[in-house]
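Residue numbers (UniProt numbering): 1 to 706.
Below you can see the structure in the form of structure tokens.
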């Protein structure tokens, strides 16, 4: 047996660390928590100052026994769980179970799993931080008191299988509030006037800005008509005439402003910004992003001398701080690959309000390890996420981009149009990476022809356009995570499980990758709003997170925080038990009969959204997916219709509604017309920001559509 036993959470992490430490160390995995609150009961003694009742997790007995045997043989036991509250709690439970003195330096933590970081941490072990443990205990106890008291109430009054949690309830309420905003939104009319100009054989565009040097909004057709008539020499214009667009109107260039503008790179990733960007650029759900990031953190076998190595730093962080060593390595790489002018000035990162700053930002453990150099050692998802993290970090250490901007002020009497253009003068960080946006807007590089004061330019056409204001967009996963972080709701480790839970419970569904509340979600939130308003109150949730942070800092006692909350919560619970009447959630009739028993089919809500089920349940257990026809006959059997389906991984595909009699399947959406060249099936090929119609048999293609 080795002299030292090291206990980590996962086998992958154990394998990586054991290689770094050498033969005197045995590294074993606890497989996450071995001790926890039981699932079958609330397990919090309210009468005994909220003392939690811990047990060995079912199925973890053999793991714990093996660790106990190894601990007895070792001279020293080191506890190396993840460097956060949960990891500290795991270490504390292990210390108690293995008779390790928690007041002795037995705890080792590292932000990255590299040889240097691991060896350094073992030179400086510390005692278990009970403030971190208590902050985690407080969260677990609080969530138990809320969840295990309100959930049975929801089961009794609404339906089985429901749950209520602090962060998840606030998230659902935010989605419902946004849906109500959209429903109640009243569009407001506004207009724009655009002129198409030409100077030195180069076309450019200018838009109406204002009158007499003041910005003027155009809210009605009458205001637009009045403005156009002034441009038309006060001649009457018929706005209903589609040919009323004005032509050959002269403008004088009164002013040309040229500026040089710097654009700074985005800061390195935090947990939140990584989840947002992975959604925008890779189409990864938050849960998938964290799963793949965990693999990159724990270690990938790169072969050769490197062996199994951790590729990124710890992925649960709200800090954008970077170590000096990482900055130096990044600068050396940028100098070698791009040149000195591309090295950034290392502007100081500013963390968001409430950030704990316990760890560095998410970055590659070795900036010199370019994604392409290890692509063959990674899975497709691992490579894409690593590339995103590497490029974001490297770009954050590069020089700002420099843009030349030009604004020309064009006047016809007292009416001003403005033309704007920009051109990249120096790419800087943009040579490697540009941050994505929720709206997928392209970076415009619009140039103007040479213009100077006194020039007279002619608008070939001037055309008015009517617009209406749009309601706020529904939340995507990226938008919701961003909003939760901005409001201070939850912490990096809670975002992914929160989004997963509210979907599994059927409180929300996804429509075109955007959250839509279900009837069930609205019923639950209405009940919580009436009887437990603090649970869905954003300010309460934010303050509770702040209190937990104070427990971690050693400034507050966790039992007092729980006690203050529970005193009022217990009274509300008693009132709710007495007053809430049973809510009947009626199934929506589908208008079709069950082919097995003849009873009516109804819509049910499941983990993956709505499905069809027989109303005669449990006597008849017939269920069917909801099929969406796309108006195309099956090209294989010629009898069925092509319908939209979902794979087990929720990916959309297309198949025949006569399955299993007909096994036609296509990942690309079929088109209701044959190929003009060979009469075969045409499909829509989705690209990043465009769609192209192609033939499945020959080389026929149509122009891409945005």
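Heads up, the beta-carbon is just placed ideally off N, CA and C, and yes, glycines get one too.
Straight-line Cα distance separating residue 277 from residue 7:
Rounded to the nearest whole angstrom, the C-alpha separation of residue 7 and residue 277 is 33 Å.
Who are the near neighbours of residue 243 in its chain, counting only those whose CB is closer than 7 Å to its CB and skipping five residues on each side?
Any reading at residue 243 is ruled out, since the residue's pLDDT is 46, under 50, leaving its predicted position unreliable.
Pull up the DSSP beta-bridge partners for residue 698, would you.
Answer is none; residue 698 lacks a bridge partner.
Just to check my reading of the structure: residue 480 and residue 499 have Cβ atoms closer than 8 Å, yes? What is that Cβ distance to the nearest angstrom?
Approximately 7 Å separates the beta-carbon atoms of residue 480 and residue 499; this is inside 8 Å, confirming the contact.
Report the three-state DSSP secondary structure of residue 435 (helix, strand or coil).
Coil at residue 435, not helix or strand.
Go ahead and pull the three-state DSSP assignment for residue 470.
In the structure shown, the three-state DSSP call for residue 470 is coil.
Measure the C-alpha to C-alpha separation of residue 555 and residue 38 and round it to an integer number of angstroms.
Their backbone Cα atoms lie some 29 Å apart in a straight line.
Counting only runs of 4+ residues fully inside the region 355-417, write out the alpha helix (DSSP H) ranges in chain order.
For the region 355-417, whole alpha helix (DSSP H) runs of length 4 or above, ordered along the chain, are 380-396.
Cβ shell of residue 190 (< 6 Å), same chain only, five flanking positions each side left out:
Counting only Cβ-Cβ distances below 6 Å, and skipping sequence neighbours, we find 219, 467.
Residue 282 and residue 385 - do their beta-carbons sit closer together than 8 Å?
Yes, these two residues count as a Cβ contact at 8 Å.
Proximity of residue 290 and residue 483 at Cβ, strictly below 8 Å:
Their beta carbons are not under 8 Å apart, which means residue 290 does not touch residue 483 by this criterion.
What first and last residue would you give for the alpha helix (DSSP H) that runs through residue 115?
Run containing residue 115: 115-123, per the alpha helix (DSSP H) assignment.
To the nearest angstrom, report how far apart residue 702 and residue 382 are at their CA atoms.
Near 34 Å, if we compare the C-alpha coordinates of residue 382 and residue 702.
Taking residue 418 and residue 207 to be in contact with their CB atoms under 8 Å, please state how far apart those CB atoms are, rounded to whole angstroms.
Right, their Cβ atoms sit about 6 Å apart.
List the endpoints of the continuous alpha helix (DSSP H) containing residue 25.
For residue 25, there is no enclosing alpha helix (DSSP H); the enclosing beta strand (DSSP E) covers residues 25-29.
In chain order, which beta strand (DSSP E) runs of at least 3 residues are fully inside the region 36-123?
Correct list: 76-79.
Is the region 152-162 touching the region 90-109, taking contact as three or more C-beta pairs under 8 Å?
The answer is no - the region 90-109 does not touch the region 152-162, with fewer than three Cβ pairs under 8 Å.
Could you check whether the region 567-576 touches the region 47-57, counting it as contact only if at least three pairs of C-beta atoms, one from each stretch, sit closer than 8 Å?
Touching, no.
Since I believe residue 286 is in contact with residue 477 (beta carbons under 8 Å), could you give me their beta-carbon distance rounded to a whole number of angstroms?
Their Cβ separation, rounded to whole angstroms, is 5 Å, which keeps residue 477 and residue 286 in contact under 8 Å.
Would the region 304-311 and the region 67-87 be scored as touching if the rule is three or more Cβ pairs under 8 Å?
With a cut-off of 8 Å, the region 67-87 and the region 304-311 do not count as touching, because too few Cβ pairs lie within range.
Reducing DSSP to helix, strand and coil, say where residue 517 ends up.
DSSP places residue 517 in strand when its eight states are reduced to three.
Measuring only between beta-carbons, confirm whether residue 342 sits less than 8 Å from chain D.
Although the question refers to chain D, the structure presented lacks it and comprises just one protein chain.
Separation of residue 522 from residue 613, as counted between CA atoms:
Using only the alpha carbons, I get a separation of about 22 Å.
Using CA atoms only, rank isn't needed, just tell me which of 646, 619, 625, 659 is closest to residue 638.
Ranking 646, 619, 625, 659 by CA distance to the CA of residue 638 puts 659 first.
Nearest to residue 643 by CA position, among 622, 670, 661, is which residue?
Among 622, 670, 661, the Cα nearest to that of residue 643 belongs to 670.
Run of the beta strand (DSSP E) containing residue 670, from where it starts to where it stops:
That run of the beta strand (DSSP E) goes 669-674.
Do residue 80 and residue 128 come within 8 Å of each other at the CB atom, strictly closer than that value?
Their beta carbons are not under 8 Å apart, which means residue 128 does not touch residue 80 by this criterion.
For residue 334 and residue 398, believed in contact at Cβ under 8 Å, the rounded distance
That pair is a contact at about 6 Å.
Name the residue from 36, 66, 111, 70 whose alpha carbon lies nearest to the alpha carbon of residue 89.
Of the candidates 36, 66, 111, 70, the one whose C-alpha sits nearest the C-alpha of residue 89 is 36.
Taking 8 Å as the threshold, find out whether the region 249-258 comes into contact with the region 400-413 through three or more Cβ pairs.
Contact between the region 249-258 and the region 400-413 is present, because at least three Cβ pairs lie under 8 Å.
Boundaries of the beta strand (DSSP E) in which residue 192 is found, first to last residue:
For residue 192, the enclosing beta strand (DSSP E) covers residues 189-199.
Residue 308 bridges to which residues according to DSSP?
301, per the DSSP bridge assignment.
DSSP puts residue 5 in a beta bridge; with which residues?
Per DSSP, 26, 77.
Let me know the secondary structure DSSP gives residue 216 once reduced to three states.
Assignment of residue 216 by DSSP, reduced to helix, strand and coil, places it in the coil class.
Are there 16 or more other CB atoms within 10 angstroms of the CB of residue 332, so buried, or fewer, so exposed?
With fewer than 16 other Cβ atoms within 10 Å, it is exposed.
My guess is that residue 364 and residue 342 are in contact by the Cβ rule of under 8 Å, so how many angstroms apart are they, rounded?
Between residue 342 and residue 364 the Cβ distance is about 18 Å, and since that is not below 8 Å, they are no contact.
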